[in-house]
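Taking my numbering, the leading residue of the sequence shown gets 1316, the next gets one more, and so forth.
See structure below.
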Amino acid sequence: MKDKIHYKPLEAWDTESGEVLIKELWALRKLMLSHQVRIEPWLRGINSVFHPSAINLAHYLAMRRIDLRQLQNRLALIGVSSLGRAESHVLANVDKVLGLLHHIAGRPWTPRQEDEPSGFKSGAALLGQHAEALFGPAPAKRDVRIMVTLPSEAAVDDALVEGLVANGMDIARINCAHDAAAQWVAMAERVRGAAGRAGRKVRLLMDLGGPKLRTGPIDHAPAVVKLKPKRDVFGQVIDCARLGLRATGKTDPVMGAELFLTVEADWLARLKIGERIFLTDARGAKRRLTVIQYQDSSALLECAQTIYLTGQTRLHLHHGGYETGLGDIPVLAGQLLLKRGEILNLVPQGMGSNAISGGKGRGARRATIACTLPEALASVRKGEHIWFDDGRIGGVIRRSGAKGVAVEITEARDGGEHLAADKGINLPDTKLDLSALTAKDLEDLQVVAKHADLVGMSFAQSASDVIALHQRLAELGAAQVGLILKIETRRGFDHLPEMLLAAMCGPAAGVMIARGDLAVECGYERMAEVQEEILWACEAAHIPVVWATQVLETLAKTGLPSRAEITDAAMGGRAECVMLNKGPHILDAMRTLDNILRRMQAHQSKKRPLLRALKSWNLPLVAANLALPTQPRNTGTQPVTGKQH
């Protein structure tokens, strides 16, 4: 027997309230059309395929200028659309509601479709067309494309590229901030070749480096290595430390060694299995090693104690006093240790160095590091915030001047944070007068124009940046190359509408939500709100979106995903493309993402939930031979307790 649903009768139409709703919606419609007039100058330069999209964007921005929450509630109470899912067809949705209200009120209504740039179906169709023009057709069983950042090895490893193509890579991303033109061309050729052999199309995105602020070089750390044995919980040695020695100039590995160092060939030739080697390590500790394996040009030594080795360490044979130095001591990249309350000098140029405390004849010195774009420091002002290394370290500008700025470290873990060279710097409060196209980008565009299907514009911040890129591509005979705006700064987010209109001047355009820098710039607590607003604006403009930064990153790097990143990957189904970064387990990440996207597309389309029949919570059926437990009958004379059997 089917369940019956009893609906409460609708309340009588409130004529006065209905007239107020109609009046408010007419005012909203008028505001939308006035915004359409404001973008008329833009329409003259916009590609004809984007004309209705640009108008719909203007309508959407007009609608979002006012708080519609009360209006939405009142519309929902009478059972008509509350305008909550109108991004792709804003005016058409308002007209639909107006028509219904007129019908309920008994007033005549004449459809005004000639004013509507897009409807419910045509708006979604326009977004699909623009996504296909930019990214190519979506896979047969997945609506969302997968983009993968190519590692440097892709320039030489055919098997790696073929694996990416075979596992569903729809767009290959080459980051022009790394490697060089020769490697980019080699990557492009391998992608084209692998896609051709697989019988499918894979588009190529070349991502310009842009004016990325990064930390400069830092003095190398002292050349010292530490070898230590493995111990059990009681401190007893269960596995000795092992050092491999080979003759200077040799590169053959020494099996079983944790570390390979070089020594003089004549000295090495005197060794025998069981030979004891003596040394004084970097701390002045006396140590003894034993030769456990020997070949013509290499030896394996072991020690049951911890040893610190430097280039000044000397190895002695126990007989004859023969000794040798050590070569190939690995040099570690330098790092600054920064603690809360300390001052860091950020300077235009020079080698970075750690702070030195005063005393014993030494003068105190602050930690110092350079900025790769020294011209940016001229715009920094006292009191503004600064972030390093994707927001791991934060500070406030306490002094600015021609020689640099002084930063008080305000955000760091207890005990301090290490800052290395080539780490990102974000200045969210500073208005940087920097073009999104650097001199290097203009040079790189010559390669991009010949090999790329898409070009990514990093740190796009204004319409003039976008127009400059269009002009440069046209000069290079590559006006057909699609454009992806990477939104990764607060200023870029603030100027998104004008940049969307400028991007529409080309044949194909999209937006990448670069959530790493954007989260630092806008604040992590606001990141969820910001990415939602970008998704809404792009849907209104019928512009496809790339969901980027740290998607399934733990899985790609370690082979095991976190729970949070699985949910984040599912959110990516609201975009037209999801980007994965490189990692040793990238193929596993691709397969997982493909599975998630296929599942979620049956539940979600943009922000509209799809009410697919659920299979998870069917009411359990009672088997004919299953006796259910019975509840004692409550006669009303005895209270029912919480323990009934």
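For each residue, glycine too, the CB sits at the ideal point set by N, CA and C.
| Going by C-alpha distance, which of G1771, V1845, E1790, R1488 is nearest A1818? | Reading the sequence shown from its first residue, position 503 is the one you call residue 1818. Comparing Cα positions, the closest option is G1771.
| Inter-stretch contact at 8 Å, needing at least 3 Cβ pairs: the stretch 1504-1522 / the stretch 1534-1546 | No, because fewer than three Cβ pairs between the stretch 1504-1522 and the stretch 1534-1546 fall closer than 8 Å, the two stretches do not touch.
| request: Write down the C-beta distance between E1732 and L1647 rounded to the nearest angstrom, noting that I regard them as a contact closer than 8 Å. | output: For this step, residue 1732 is matched to residue 417 along the sequence shown. For this step, residue 1647 is matched to residue 332 along the sequence shown. At roughly 17 Å, the Cβ-Cβ gap does not stay under 8 Å, so E1732 and L1647 are not in contact.
| field | Through-space distance from E1617 to M1570, alpha-carbon basis | value | Here residue 1570 refers to the residue found at position 255 when the sequence shown is read from its first residue. Here residue 1617 refers to the residue found at position 302 when the sequence shown is read from its first residue. The alpha-carbon atoms of M1570 and E1617 are separated by roughly 13 Å.
| field | Delimiting residues of the beta strand (DSSP E) encompassing E1732 | value | Position 417 of the sequence shown, counted from the first residue, corresponds to residue 1732. For E1732, the uninterrupted beta strand (DSSP E) run begins and ends at 1732-1735, by DSSP.
| the stretch 1845-1865 in contact with the stretch 1403-1412 per 3-pair CB rule at 8 Å | Judged by pairs of C-beta atoms under 8 Å, the stretch 1845-1865 touches the stretch 1403-1412, as three or more such pairs exist.
| query | Do you know how far the Cα of E1638 is from the Cα of L1594? | reply | Indexing the sequence shown from 1 puts residue 1594 at position 279. Indexing the sequence shown from 1 puts residue 1638 at position 323. In a straight line, the C-alpha of L1594 is about 9 Å away from that of E1638.
| query | Is A1682 near L1742, with beta carbons less than 8 Å apart? | reply | By 1-based counting over the sequence shown, the position of residue 1682 is 367. By 1-based counting over the sequence shown, the position of residue 1742 is 427. Against a cut-off of 8 Å, the Cβ pair of L1742 and A1682 comes out as no contact.
| In or out: P1876 buried (at least 16 other Cβ within 10 Å) or exposed? | Looking up residue 1876 in the sequence shown gives position 561. Buried.
| query | What are the start and end residues of each continuous alpha helix (DSSP H) run of 4 or more residues lying completely inside the stretch 1556-1643, in chain order? | reply | Listed in chain order, the complete alpha helix (DSSP H) runs (minimum 4 residues) inside the stretch 1556-1643 are 1580-1584.
| query | When the distance is taken between beta carbons, is V1459 closer than 8 Å to C1892? | reply | As a first step, residue 1892 must be located in the sequence shown, where it is residue number 577. As a first step, residue 1459 must be located in the sequence shown, where it is residue number 144. Contact flag set, yes.
| said: With a threshold of 8 Å, are at least 3 pairs of Cβ atoms found where one atom belongs to the stretch 1830-1837 and the other to the stretch 1436-1444? | reply: Segments in contact, no.
| field | Helix, strand or coil at S1368 [DSSP, three-state] | value | In the sequence shown, counting from the first residue as 1, residue 1368 sits at position 53. The answer is helix: DSSP assigns S1368 an H, G or I state.
| query | Can the beta-carbon of R1889 be found closer than 8 Å to that of Q1919? | reply | Working through the sequence shown from its first residue, we reach residue 1889 at position 574. Working through the sequence shown from its first residue, we reach residue 1919 at position 604. Yes.
| According to the neighbour-count rule (16 or more other Cβ atoms, all chains shown, within 10 Å of its Cβ), is E1431 buried or exposed? | Against the sequence shown, residue 1431 aligns to sequence position 116. Label assigned to E1431: buried.
| query | Taking the continuous alpha helix (DSSP H) assigned at H1417, which residues delimit it? | reply | Reading the sequence shown from its first residue, position 102 is the one you call residue 1417. Going by DSSP, H1417 is part of the alpha helix (DSSP H) stretching over 1405-1420.
| said: One question on the structure: do L1376 and Q1387 come within less than 8 Å of each other, judged by their Cβ atoms? | reply: To locate residue 1376, count along the sequence shown from 1; it is residue 61. To locate residue 1387, count along the sequence shown from 1; it is residue 72. No, Cβ-Cβ distance for L1376 and Q1387 is not below 8 Å.
| message | Within 8 Å, do at least three Cβ pairs link the stretch 1479-1492 to the stretch 1501-1515? | response | Counting Cβ pairs under 8 Å, three or more are found: they touch.
| Which residues in the same chain have their Cβ closer than 7 Å to the Cβ of L1867, if we skip the five residues on either side of it in sequence? | For this step, residue 1867 is matched to residue 552 along the sequence shown. So the qualifying residues of the chain are P1876, E1880, A1884, L1895, A1904, T1907, L1908.
| DSSP state of S1715, grouped into three classes? | Your numbering for residue 1715 matches position 400 in the sequence shown. S1715 falls in the strand class under three-state DSSP.
| Endpoints, the alpha helix (DSSP H) within which G1825 is located | As a position in the sequence shown, residue 1825 is number 510, starting the count at 1. Not the alpha helix (DSSP H): G1825 falls in the beta strand (DSSP E), residues 1824-1829.
| Start and end residues, beta strand (DSSP E) containing H1700 | Taking the sequence shown and counting its residues from 1, one reaches residue 1700 at position 385. For H1700, the enclosing beta strand (DSSP E) begins and ends at 1700-1703.
| message | Taking a contact to mean a Cβ-Cβ separation below 8 Å, would you say A1693 touches G1665 in this structure? | response | The sequence position of residue 1693 within the sequence shown is 378, counting from 1. The sequence position of residue 1665 within the sequence shown is 350, counting from 1. No, Cβ-Cβ distance for A1693 and G1665 is not below 8 Å.
| query | Exposed or buried, G1660, counting other C-beta atoms within 10 Å across all chains shown (16 or more means buried)? | reply | The residue you call residue 1660 lines up with position 345 of the sequence shown. Here the sequence assigns Asn to residue 1660, which means Gly is not the residue at that position. Label assigned to N1660: buried.
| C-beta atoms of T1530 and K1738 nearer than 8 Å | As a first step, residue 1530 is located in the sequence shown; it is residue number 215 there, counting from the start. As a first step, residue 1738 is located in the sequence shown; it is residue number 423 there, counting from the start. Going by C-beta atoms, T1530 is nearer than 8 Å to K1738.
| message | What ranges does the alpha helix (DSSP H) occupy inside the stretch 1733-1809, keeping only unbroken runs of at least 4 residues that lie completely in it? | response | List check, alpha helix (DSSP H) in window: 1754-1766, 1778-1790, 1805-1809.
| task | Just the C-alpha distance for L1479 and L1902, rounded to the nearest angstrom, thanks. | result | Residue mapping note: residue 1479 aligns to position 164 of the sequence shown, counting from 1. Residue mapping note: residue 1902 aligns to position 587 of the sequence shown, counting from 1. Taking the Cα positions, L1479 is about 7 Å away from L1902.
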